[in-house]
Amino acid sequence: PKTCTTCQGSGQIRMQQGFFAVQQTCPSCRGQGTIIEDPCTSCHGRGVKEETKTLSVKIPAGVDTGD
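In this text, residue positions in the sequence shown follow the working numbering: the first is 82, and each later residue adds one.
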């Protein structure tokens, strides 16, 4: 990963509005402070991939909720 050039790696940007300064999460790196230069097509640089699977689970007879 490379350091985000928008927030200089802080993950936050500061906007001056008259006398007030507003700090918010950096929209470029989403608060991470770094940006993946060449993200893969599966996870788009997030490091995780969402997937839906159907699982078969056997529950023994007599098991109560919470056991």
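We put the CB at the ideal spot given by N, CA and C, even for glycine.
- If you draw a straight line from the Cα of S137 to the Cα of K130, it is about 21 Å long.
- Annotation: C124 to T133 spans about 14 Å, alpha carbon to alpha carbon.
- For A102, the beta-bridge partners assigned by DSSP are Q97.
- The beta carbon of P120 is closer than 7 Å to those of G126 in its chain, skipping five residues each way along the sequence.
- An exposed status is given to I140, since fewer than 16 other beta-carbon atoms sit within 10 Å of its beta-carbon.
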